[in-house]
Amino acid sequence: MTHYLILSLAVVGIVNTLYLSYHTIKRTDVACLFFPKEWCRKVQHSKYSKTLGIPNSFAGLFMYMTILFLTLFYLNGVVPFWWVQIPIAIGFLFSMYFTAIQAFVLRAFCTWCVISAIDFIILVIAAFLY
1 MTHYLILSLA VVGIVNTLYL SYHTIKRTDV ACLFFPKEWC RKVQHSKYSK
51 TLGIPNSFAG LFMYMTILFL TLFYLNGVVP FWWVQIPIAI GFLFSMYFTA
101 IQAFVLRAFC TWCVISAIDF IILVIAAFLY
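With full-length UniProt numbering applied, the sequence shown corresponds to residues 1 to 130, in that order.
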């Protein structure tokens with residue numbers, strides 16, 4: 001059952017990061033739900049929106065796709081479960097880092113980043129309390 005939760009959360013993350021990646025490519029602002037619009041814009045256009053020149057939305061999309069495919073491979077007996085746990089742990093650490101940046105440096109939150117952080121919190125619980 002846990003594996004299907006991980007698959008579902010990976011799909012949620014893929015949809016979320018596809019939305020963010022689309023707006024990154026189009027250079028348009030994301031919709032800001034639950035927070036002031038200026039906050040999302042501040043986060044989206046900050047120097048922290050890229051890591052090593054790569055937009056965080058692209059890296060997140062890659063990470064969620066990796067989790068999805070590795071979970072499918074695990075379910076088919078191709079890889080051990082710890083292969084799924086590694087990208088979940090890495091994604092969780094990056095997500096918590098970026099959440100701290102939003103809270104303590106930018107003092108602004110992006111709806112889509114918060115969704116991703118919640119997604120990774122649930123993923124790490126599912127993967128490590130397996």
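Ideal Cβ positions, reconstructed from N, Cα and C, are used throughout, including at glycine.
Given the structure is predicted, the values throughout are model-derived calculations rather than measurements.
In the DSSP assignment, Cys113 falls within the alpha helix (DSSP H) that extends over Thr111 to Phe128. Here the C-alpha atom of Phe34 lies approximately 28 angstroms from the C-alpha atom of Ile67. For the alpha helix (DSSP H) assignment, the uninterrupted runs of no fewer than 4 residues enclosed by the segment 10-71 are, from N- to C-terminal side, 37-44. Taking the C-beta atoms as reference points, Thr17 is found no nearer than 8 angstroms to Gly53.
Between Ser49 and the set Leu123, Val105 and Ile118, the nearest pair of CA atoms involves Val105.
Secondary structure of Gly77 (DSSP, three-state): coil.
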